[in-house]
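Visitor:
In my numbering, the protein residues as written are 571 to 1252.
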């Protein structure tokens, strides 16, 4: 064995010049300028995390101040020469004019009084007497107060340099008497570069993954990274390999984090349990695993949102792998996963069953449903509203058709006398004298006896124009009633007489778009009308739209309507008390009309109509019991509030503000949030 004492790497390669200090150029350049201009303060305070060079910089400042080499002959006109007697005596530890004091062990008021006595003595063979007080925040309040006067008016030959990791514990009266320099954490890439230089000097072979792991273990402190480097050299020798290093240091393998996120993508709950079992059996610290997984999710979030992959602290191979893997997740999903990790990280330390906590968190991640990009949907919705307000797009309202009655209804109820309406039927005043005469519609034949039990209703005669196409049977309950056209429900049991309607001329403007359609649903598909000469399909099950006589209003029963409306309000009040979710839909539905044993409800949009459709049987029963009226059916009329184009702002609000406003005003969204415990995260 060599008789020479071994020095750890952190001490052996401790910077001796300003240019050797890593990642603190904002501090070293200022101090060098102060030395060049001879504008040195009598007190400095260096603050920052541990292991970033605070005490090292203080020692270099003290050495540069007392260097006897002229400024003009020094490197960069500020660096200490390291060849004069003063510099050599300091590096050898025998300079009496640079005093280092550990405030953690000399924190009493008596220690400060002794310092006040010695500070009066001028330096010997040097320009300044420099006091470096490390961990100055450990001094007691009495010691700080004893130091105040000396610090405010020190002797001209004295300088104080304080170093601390917790500046908030230093009295404000002390801080106000010092020039403060904040040292920053050292980036992983800068630590890797410094470690590579040391490996080249020491002739040590190491791969990039190992250097990245060592630098990340330092957590922004180069001194800590050098300590881990010494441990790695002791374990692996002069040839450091990543697989051996992670086993020796007990570091969680990066592949394990990718296995977790892959299990989230596949929804594999069983894989999550196996991963936790592997972590426990291998002996990994659960808290370290959670912290590493949270950092991995953060890297995926950066990869999916930022175009610059250099923000990810990883090797080139791992960075490319993270970027490729991050494409499989949306931002909202990653935010939810990071939130889960944040919750379990806080509770894991205090839990008596940390393994169970971790398993439950990973299972929540595996069963997390894929999030919808609400911001993108809201942006598209806002654009549609603006286009509709400016007239760039036309909103087409769907014309409702009356479905044919069942065979039983056809056998019992009398056959209504109907007249097919033209394709573009309107109700204008009497035709002008110059208009061409309209041919009278063909009479409707009487219904023939049904040869089978499933008798079909009588078919009307062909109309001069093509009839509307068949509607979706699932949508026959929701009928927007146009002001120019009136439709009746399929449950009508009163004969209806139709009046002849004049056919519009080619110059007649088309009906105006229905302003009540909701932009929250997709616009109905525009169906191409049949040509005038195209024959009507006689086997189609679609019925013609019935046009009422001008003087008839079979849906109008004022006496019955006066009974239905208060009964409906009572039902809504009763349901609100017991079923808030259903009540929130009923609250926005009002009785519009009653007739032909049908209650017509007015709802704000198609979403409410579809939600209430499943409760029709229950509502019919309750209305029948409350009014003693024969109610067979409930229909819906969409009446959305009109949008004033002047109220639309040109500037788009943020997605979070839109969501909060939607959650506050829309009862359906509010019910979903309350039911499932949701929260707005974007």
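Cβ coordinates follow ideal geometry from the N, Cα and C atoms, glycine included. Quantities reported herein were computed from a predicted structural model and do not represent experimental measurements.
For the candidate residues 588, 614, 1235, 1180, whose alpha-carbon lies nearest to that of residue 748?
Guide: Comparing Cα-Cα distances from residue 748 to each of 588, 614, 1235, 1180, the minimum goes to 614.
Visitor: Considering just the uninterrupted stretch of the beta strand (DSSP E) at residue 914, what are its terminal residues?
Guide: Per DSSP, residue 914 belongs to no beta strand (DSSP E); it is in the alpha helix (DSSP H), 901-918.
Visitor: Are the beta-carbon atoms belonging to residue 1226 and residue 1233 less than 7 angstroms from one another?
Guide: Taking 7 angstroms as the Cβ cut-off, residue 1226 and residue 1233 do not qualify as a contacting pair.
Visitor: Please report the residue range of the beta strand (DSSP E) in which residue 1172 lies.
Guide: From DSSP, the beta strand (DSSP E) with residue 1172 extends over 1168-1173.
Visitor: Would you list the one or two residues that DSSP bridges to residue 1227?
Guide: In the DSSP output, where bridge partners are listed per residue, residue 1227 has none listed.
Visitor: Using a Cβ distance threshold of 8 angstroms, determine whether the stretch 599-618 contacts the stretch 731-748, with at least three qualifying pairs required.
Guide: At 8 angstroms Cβ cutoff, the stretches touch.
Visitor: Closest to residue 769 by C-alpha separation, out of 805, 792, 810, 735, would be which residue?
Guide: Per the Cα distances, 810.
Visitor: Quick one, which of 1207, 663, 1181 has its alpha-carbon nearest residue 1237's?
Guide: Checked all of 1207, 663, 1181; the closest Cα to residue 1237 is 1181.
Visitor: Using a 10 Å radius around the Cβ and a threshold of 16 neighbouring Cβ atoms, would you call residue 911 buried or exposed?
Guide: Classification of residue 911: buried, given that the 10 Å Cβ count is 16 or more.
Visitor: Alpha carbon to alpha carbon, what distance is there between residue 814 and residue 806?
Guide: When rounded, the distance between both Cα atoms is 7 angstroms.
Visitor: Quick check: the Cα distance between residue 818 and residue 800, rounded to an integer number of angstroms?
Guide: Roughly 13 angstroms separates the two Cα atoms.
Visitor: For residue 762, which residues of its own chain have a beta-carbon under 7 angstroms away from its beta-carbon, when the five flanking residues on both sides are left out?
Guide: Result list for residue 762: 781, 782, 785, in chain order.
Visitor: Straight-line CA distance for residue 1053 to residue 895?
Guide: Below a pLDDT of 50, predicted positions are generally treated as unreliable, and residue 1053, at 38, falls in that range; the measurement from the model is reported next regardless. Cα to Cα, the separation comes out at about 56 angstroms.
Visitor: At the level of alpha carbons, what is the spacing between residue 649 and residue 634?
Guide: Rounded to whole angstroms, residue 649 to residue 634 spans 6 angstroms at the Cα level.
Visitor: Going by beta carbon distance, what residues of the same chain come within less than 7 angstroms of residue 725, once the five residues before and after it are set aside?
Guide: Around residue 725: 689, 690.
Visitor: Is residue 621 closer than 7 angstroms to residue 792 when the C-beta atoms are compared?
Guide: Result yes, Cβ atoms of residue 792 and residue 621 sit closer than 7 angstroms.
Visitor: Do you know how far the Cα of residue 584 is from the Cα of residue 578?
Guide: Their Cα atoms are separated by approximately 10 angstroms.
Visitor: From 835, 666, 939, 826, pick the residue whose C-alpha is nearest to that of residue 1246; which is it?
Guide: Of the candidates 835, 666, 939, 826, the one whose C-alpha sits nearest the C-alpha of residue 1246 is 939.
Visitor: Any contact between the stretch 880-889 and the stretch 837-854? By contact I mean 3 or more CB pairs, one from each, below 8 angstroms.
Guide: Touching, no.
Visitor: Quick check on this structure: which residue in 737, 687, 679, 715 has the alpha carbon closest to the alpha carbon of residue 705?
Guide: Considering only alpha carbons, the answer is 737.
Visitor: Consult DSSP for residue 775 and reduce its assignment to one of helix, strand or coil.
Guide: DSSP places residue 775 in strand when its eight states are reduced to three.
Visitor: Given a threshold of 16 other Cβ atoms within 10 Å of its Cβ, counted over all protein chains shown, does residue 618 qualify as buried or as exposed?
Guide: Its Cβ being crowded by 16 or more others within 10 Å, residue 618 is buried.
Visitor: If you draw a straight line from the C-alpha of residue 708 to the C-alpha of residue 625, how long is it?
Guide: The straight-line gap from Cα to Cα measures roughly 16 angstroms.
Visitor: Could you tell me the alpha carbon to alpha carbon distance between residue 838 and residue 874, rounded to whole angstroms?
Guide: So the alpha carbons of these two residues sit roughly 22 angstroms apart.
Visitor: Rounded to the nearest angstrom, how far is the Cβ of residue 1156 from that of residue 1207, given a contact under 8 angstroms?
Guide: About 15 angstroms separates the two Cβ atoms, so there is no contact after all.
Visitor: Compare the Cα-Cα distances from residue 820 to each of 663, 858, 922 and report the closest residue.
Guide: That would be 858, whose Cα lies nearest to the Cα of residue 820.
Visitor: Can you tell me which residues form a DSSP beta bridge with residue 626?
Guide: Residue 626 pairs with nothing; no bridge assigned.
Visitor: Identify the continuous alpha helix (DSSP H) that holds residue 729 and give its terminal residues.
Guide: No alpha helix (DSSP H) contains residue 729, which is instead part of the beta strand (DSSP E) from 728-734.
Visitor: So residue 668 and residue 632 are supposed to be a Cβ contact under 8 angstroms. How far apart are they, rounded?
Guide: Going by Cβ atoms, the distance from residue 668 to residue 632 rounds to 5 angstroms, so yes, they are a contact pair.
Visitor: Which runs of the alpha helix (DSSP H) at least 4 residues long sit entirely within the stretch 800-844? Give them in chain order.
Guide: 812-819, 824-836, all fully within the stretch 800-844.
Visitor: Alpha carbon to alpha carbon, what distance is there between residue 1143 and residue 1198?
Guide: So the alpha carbons of these two residues sit roughly 19 angstroms apart.
Visitor: On the DSSP bridge assignment, give the partners of residue 613 in chain order.
Guide: For residue 613, which the question treats as bridged, DSSP gives the partners 730.
Visitor: Entirely within the stretch 638-694 and at least 4 residues each: give me those alpha helix (DSSP H) ranges in chain order.
Guide: If we require 4 residues or more, the alpha helix (DSSP H) runs fully inside the stretch 638-694 come out as 655-661, 679-688.
Visitor: What number of angstroms, rounded off, separates the C-alpha of residue 692 from the C-alpha of residue 776?
Guide: Looking at the two C-alpha atoms, the distance is approximately 51 angstroms.
Visitor: Taking DSSP as the reference, what is the three-state secondary structure of residue 592?
Guide: It is coil, neither helix nor strand.
Visitor: Helix, strand or coil for residue 1176, going by three-state DSSP, please let me know.
Guide: Of the three classes helix, strand and coil, the one that applies to residue 1176 here is helix, per DSSP.
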